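J.: I'd like to ask some things about the structure below.
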Amino acid sequence: MARVVNIRKFQKGFTLIELIVVVVIIAATAGIIMIRVGNSGKDARNTRRAADMAQIAKAFEMYINSGGGLATSVTTPISCIWDDDSSTALRCDQNIFNVDSTGNYTKAYLTGSVYPSDPTGTDNYYMAYIDSINNQLTAKVLPSNGSGISSEFLANSTAIERDAKRIADLALINVALKKYRADNGYYPQSSCGWDCNGYKRSRDSSWNTLASDLASYISSLPKDPINSSCDPWNNNCYSYTYGNVGKTSYSPNEYDLTAQLEDTNHPQRCGVNNWKWYFANARTWCTAFGGVYSNQLYEASSL
Numbered sequence: 009m010a011r012v013v014n015i016r017k018f019q020k021g022f023t024l025i026e027l028i029v030v031v032v033i034i035a036a037t038a039g040i041i042m043i044r045v046g047n048s049g050k051d052a053r054n055t056r057r058a059a060d061m062a063q064i065a066k067a068f069e070m071y072i073n074s075g076g077g078l079a080t081s082v083t084t085p086i087s088c089i090w091d092d093d094s095s096t097a098l099r100c101d102q103n104i105f106n107v108d109s110t111g112n113y114t115k116a117y118l119t120g121s122v123y124p125s126d127p128t129g130t131d132n133y134y135m136a137y138i139d140s141i142n143n144q145l146t147a148k149v150l151p152s153n154g155s156g157i158s159s160e161f162l163a164n165s166t167a168i169e170r171d172a173k174r175i176a177d178l179a180l181i182n183v184a185l186k187k188y189r190a191d192n193g194y195y196p197q198s199s200c201g202w203d204c205n206g207y208k209r210s211r212d213s214s215w216n217t218l219a220s221d222l223a224s225y226i227s228s229l230p231k232d233p234i235n236s237s238c239d240p241w242n243n244n245c246y247s248y249t250y251g252n253v254g255k256t257s258y259s260p261n262e263y264d265l266t267a268q269l270e271d272t273n274h275p276q277r278c279g280v281n282n283w284k285w286y287f288a289n290a291r292t293w294c295t296a297f298g299g300v301y302s303n304q305l306y307e308a309s310s311l
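Mapped onto this note's numbering, the consecutive letters of the sequence shown carry residue numbers 9 to 311.
Right, dumping it as structure tokens:
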């Protein structure tokens with residue numbers, strides 16, 4: 009016998025409560041999706057910004073290692089804007105001086121020789137704060153209305169990395185100097201000759217003379233990563249010096265080869281090791297041991 013099905017039971021619609029519950033669930037789900045999509049877009053932009061800053065940092069590092077330097081800053085770091093069309097803006101690619109024949113920061117080390125722009129376009133721009141005293145390049149994403157900082161990335165090689173390079177550089181120079189002496193019986197002369205108090209400096213043309221002397225032993229004579237315009241025995245002065253070379257009056261085994269370290273806790277700084285200088289290591293370099301010069305000095309010739 010056939011069963012009679014109550015069709016009206018299945019034709020019954022949702023109650024008001026059921027409809028409200030469904031709407032709330034749909035709205036909540038949509039909100040979660042929107043939040044996730046929104047955060048995903050922000051995260052992607054910040055990832056892009058970090059990559060852009062890394063590219064700019066690498067370009068500046070390569071530029072500095074090739075002998076360039078950051079624009080001089082005194083008490084307040086210089087600021088400039090990347091990829092901004094304002095004719096009155098201090099543009100990083102136009103208005104910072106003394107870096108190439110046109111007075112601009114070179115773009116040669118950047119992808120496509122173009123500064124990257126913020127992924128939001130004209131809503132934000134990249135701004136750089138350049139502190140040449142501490143050799144720091146800090147890049148920020150600044151809203152175009154100037155109301156605040158939205159993101160910040162440090163875009164510079166660290167002091168620890170630069171100190172490691174300094175120690176490695178001076179070790180290479182030491183090897184080249186010893187090879188020169190093995191072939192000639194003495195070390196290359198300083199700026200005043202031999203047996204006198206004089207230096208060749210990475211910060212001026214005298215370094216080119218030393219590079220010429222050592223050309224057979226080292227293909228490119230390195231310079232300090234910052235290469236300040238002052239000698240490394242003075243505070244906050246980052247450069248290399250070679251001098252006080254003995255030959256006749258003093259031992260032909262003597263010379264000074266110096267740099268300054270940035271890390272104030274570095275185990276190779278003079279404040280820990282009491283580095284000596286001058287002929288027969290007659291003088292103490294740094295104030296920690298009764299000298300008159302920086303405790304951050306590093307003397308490589310005795311190593």
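Glycine residues also receive a C-beta, built at the ideal position from the N, C-alpha and C atoms.
All values derive from a computational prediction rather than experimental measurement.
(1) Quick one: grab the DSSP three-state call for residue 306.
(2) Whose CA, out of 58, 303, 124, 290, lies closest to the CA of residue 205?
(3) Less than 8 Å between C-beta atoms, sequence neighbours within five positions excluded: which residues of the same chain meet that for residue 288?
(4) Am I right that residue 241 and residue 266 are in contact with their C-beta atoms under 8 Å? What's the rounded C-beta distance?
(5) Could you pull the DSSP bridge partners for residue 269 from this structure?
(6) Taking only three categories from DSSP, how would you classify residue 212?
(7) Which residue's Cα is closest to the Cα of residue 308: 128, 297, 277?
(8) Does the distance from the C-beta atom of residue 256 to that of residue 304 stay below 8 Å?
(9) Could you tell me which residues DSSP pairs with residue 250 in its beta bridges?
(10) How about residue 202 and residue 253: do their beta carbons lie closer than 8 Å?
(11) So is residue 264 buried or exposed if we call it buried at 16+ other beta carbons inside 10 Å?
(12) From 222, 170, 176, pick the residue whose C-alpha is nearest to that of residue 195; which is it?
(13) Report the residue from 235, 220, 293 whose alpha carbon sits nearest the alpha carbon of residue 174.
(14) List the whole-angstrom C-beta distance separating residue 251 from residue 186, where the pair is believed to meet the contact cut-off of C-beta under 8 Å.
(15) DSSP has residue 299 in a bridge; who is on the other side?
(16) Using CA coordinates, which residue listed in 198, 306, 180, 193 is at the minimum distance from residue 283?
(17) Looking only at C-alpha atoms, which of 294, 189, 126 sits nearest to residue 58?
(18) Nearest CA to the CA of residue 224: which residue from 188, 298, 274?
T.: Per the coordinate set shown:
(1) Here residue 306 sits in strand by DSSP.
(2) Restricting attention to 58, 303, 124, 290, the CA atom closest to the CA of residue 205 is found in 290.
(3) Excluding sequence neighbours, residue 288 sits near 258, 259, 262.
(4) Right, the Cβ-Cβ distance comes to about 7 Å (below 8 Å), so this counts as a contact.
(5) Bridge partners of residue 269: none, in fact.
(6) DSSP places residue 212 in the coil class of the three-state scheme, outside both helix and strand.
(7) Comparing C-alpha distances from residue 308 to each of 128, 297, 277 shows the shortest one belongs to 277.
(8) Annotated as distal: residue 256 and residue 304, with beta-carbon spacing of 8 Å or more.
(9) Its beta-bridge partners are 208, 265.
(10) The criterion of a C-beta distance shorter than 8 Å is satisfied by residue 202 and residue 253.
(11) By the 10 Å Cβ count, residue 264 comes out buried.
(12) Distances from the alpha-carbon of residue 195 to those of 222, 170, 176 put 222 closest.
(13) A check of alpha carbon separations from residue 174 across 235, 220, 293 identifies 235 as the nearest.
(14) Contact flag wrong, Cβ pair sits at about 17 Å.
(15) Bridge partners of residue 299 according to DSSP: none are assigned.
(16) It is 306 whose Cα lies nearest to the Cα of residue 283.
(17) Ranking 294, 189, 126 by Cα distance to residue 58 puts 126 first.
(18) From the listed residues 188, 298, 274, the smallest Cα separation to residue 224 is found for 188.
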